[in-house]
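Asker:
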Amino acid sequence: MGFGLSIYQEAWQHFAQVNLNQLIAEWVPPVPFLWWLILLSGLVLFLILLFTAEFSNLILAFLPLLFGFLALKARRHLPFYFLVWFYLFFYLPNLKKILNSWLKNESFRNDLALLTIVFLLVFGFFRLSKTLATNLSWQNYCQNSRLSYPCGAIQFLRRQPPANIFNRYEWGGFLIWQLPEYKVFVDGRMPAWNHPSGRSPYTIYLETLQTQPGWQETLKEYKIDWILISPGTFMDLLLKPNPEKFDWQEVYRDKAAVIFKKFY
869 MGFGLSIYQE AWQHFAQVNL NQLIAEWVPP VPFLWWLILL SGLVLFLILL
919 FTAEFSNLIL AFLPLLFGFL ALKARRHLPF YFLVWFYLFF YLPNLKKILN
969 SWLKNESFRN DLALLTIVFL LVFGFFRLSK TLATNLSWQN YCQNSRLSYP
1019 CGAIQFLRRQ PPANIFNRYE WGGFLIWQLP EYKVFVDGRM PAWNHPSGRS
1069 PYTIYLETLQ TQPGWQETLK EYKIDWILIS PGTFMDLLLK PNPEKFDWQE
1119 VYRDKAAVIF KKFY
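With my numbering applied, the sequence shown covers 869 to 1132.
Next up, the structure:
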């Protein structure tokens, strides 16, 4: 069953209604050097495309501005901007003529093919070997992925009665996959969702994890029975010495995760 018009509402919330650039790292604007590089390169390419007599499709001329605007708003859009920019750059008529003349040269084509094959083989050897080592072993996947996953903690929770769980934001989707019977506190979809308080759910999550005033009330409001977080976080440092003081009990700890259980 589709989401209908709601999918566009979700996109609009991400784009305009929530200041994700103040919450999520990938939504932060690029550093000043890149910011100016995008602005100037986009404007220059736009003007070149716009006033090139041989350039017939004017719609494409506005693409550097569109993708440049997105890239200036969030660094997650940088790859799309540069892909579009280089595509349109090589689309310029004069440059196309130069490239075509080079490609007509058999020696150049052979050298280019050889370099491409060597690059793919070298890149594939180092990258593919690491990917296979990570994906063919569940232990390696948990320990060697870019984000260390709480696989040991998940094995522990599978032996416990399911309940509501306060979790690390980055683990939300992984927990939904591995522990579908548990209800997670936050995951990657939620920063742009509406909340009765007018704040982002991600802000509420951060305030709770950092044990800011009202954090215990938040856990009570959402009937949290389990806490699954990384060691060394503000919440862990507060609870670890004497969790019973806050009506919690530490039941699991390893290098990747720590679990606290609510007791009544």
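Glycine residues also receive a C-beta, built at the ideal position from the N, C-alpha and C atoms.
Of the residues ILE1127, LEU980, LEU926 and ASN973, which one's Cα is nearest the Cα of LEU1025?
Answerer: ILE1127
Asker: DSSP state of LEU1096, grouped into three classes?
Answerer: strand
Asker: I'd like to confirm the pairing. Which residues does DSSP put opposite ASN1032 in its beta bridges?
Answerer: When beta bridges are read from the DSSP output, ASN1032 appears opposite LYS1051.
Asker: For TYR1120, name the three-state secondary structure that DSSP assigns.
Answerer: strand
Asker: Write down the C-beta distance between ARG1027 and SER1098 rounded to the nearest angstrom, noting that I regard them as a contact closer than 8 Å.
Answerer: So it is not a contact: roughly 21 Å between Cβ atoms.
Asker: Using a Cβ-Cβ distance under 7 Å, would PHE957 count as near chain B?
Answerer: Given the protein chain composition of this structure (a single chain), no chain B is represented.
Asker: Would you kindly work out how many angstroms separate the C-alpha atoms of GLN1011 and LEU1004, rounded to a whole number?
Answerer: 13 Å
Asker: I'd like to check one pair, ALA1001 with TRP1094: are the Cβ atoms closer than 7 Å?
Answerer: no
Asker: Which same chain residues, not among the five before or five after PHE948, have their C-beta less than 8 Å away from its C-beta?
Answerer: PHE935, LEU938 and ALA939
Asker: Which value, in whole angstroms, describes the spacing of the CA atoms of ALA1124 and TYR1070?
Answerer: If you take the alpha carbons of ALA1124 and TYR1070, they lie about 22 Å apart.
Asker: Residue ranges of each beta strand (DSSP E) run of no fewer than 3 residues wholly in the segment 922-998, ordered along the chain?
Answerer: none
Asker: Could you work out which residue in LYS1088, GLU1089 and GLU1075 is closest to MET1103 when comparing CA atoms only?
Answerer: GLU1075
Asker: Run the proximity test for LEU1043: is its beta-carbon closer than 6 Å to any non-hydrogen atom belonging to the ligand NAP?
Answerer: Absence of the ligand NAP is noted for the structure shown, with no ligands found whatsoever.
Asker: On the three-state DSSP scale, how would you describe LYS1113?
Answerer: In the three-state reduction of the DSSP assignment, LYS1113 falls in the helix class.
Asker: In three-state DSSP terms, what is PHE1128?
Answerer: Note: PHE1128 maps to strand in three-state DSSP.
Asker: Does the beta-carbon distance from PRO898 to ARG943 come in below 7 Å?
Answerer: yes
Asker: Short of 8 Å in beta carbon distance, which residues of its chain neighbour SER833, apart from the five on each side in sequence? Order them along the chain.
Answerer: Because the chain here runs from 869 to 1132, residue 833 falls outside it and cannot be looked at.
Asker: Judging by CA-CA distance, which residue of GLU1049, ILE1022 and GLU878 is the nearest neighbour of ARG1121?
Answerer: ILE1022
Asker: DSSP three-state label for LEU1090, please.
Answerer: Per the sequence presented here, residue 1090 reads as Tyr, with Leu not at that position. Reduced to three states, the DSSP call for TYR1090 is coil.
Asker: Is LEU918 buried or exposed, if buried means 16 or more other CB atoms sit within 10 Å of its CB?
Answerer: Exposure of LEU918 is indicated by the presence of fewer than 16 other C-beta atoms within 10 angstroms of its C-beta.
Asker: Measure the C-alpha to C-alpha separation of LEU1105 and PHE1034 and round it to an integer number of angstroms.
Answerer: 16 Å
Asker: Reducing DSSP to helix, strand and coil, say where LYS1064 ends up.
Answerer: With the sequence shown as reference, residue 1064 is identified as Pro, and Lys is not the correct amino acid for it. Coil.
Asker: Apart from the five residues just before and just after GLN1046, which ones in its own chain have a Cβ nearer than 6 Å to its Cβ?
Answerer: ILE1022
Asker: In angstroms with no decimal places, state the Cα-to-Cα distance between VAL990 and GLU974.
Answerer: 24 Å
Asker: If you measure between the beta carbons of GLY1041 and GLY1056, is that distance less than 7 Å?
Answerer: Yes, they are a contact pair.
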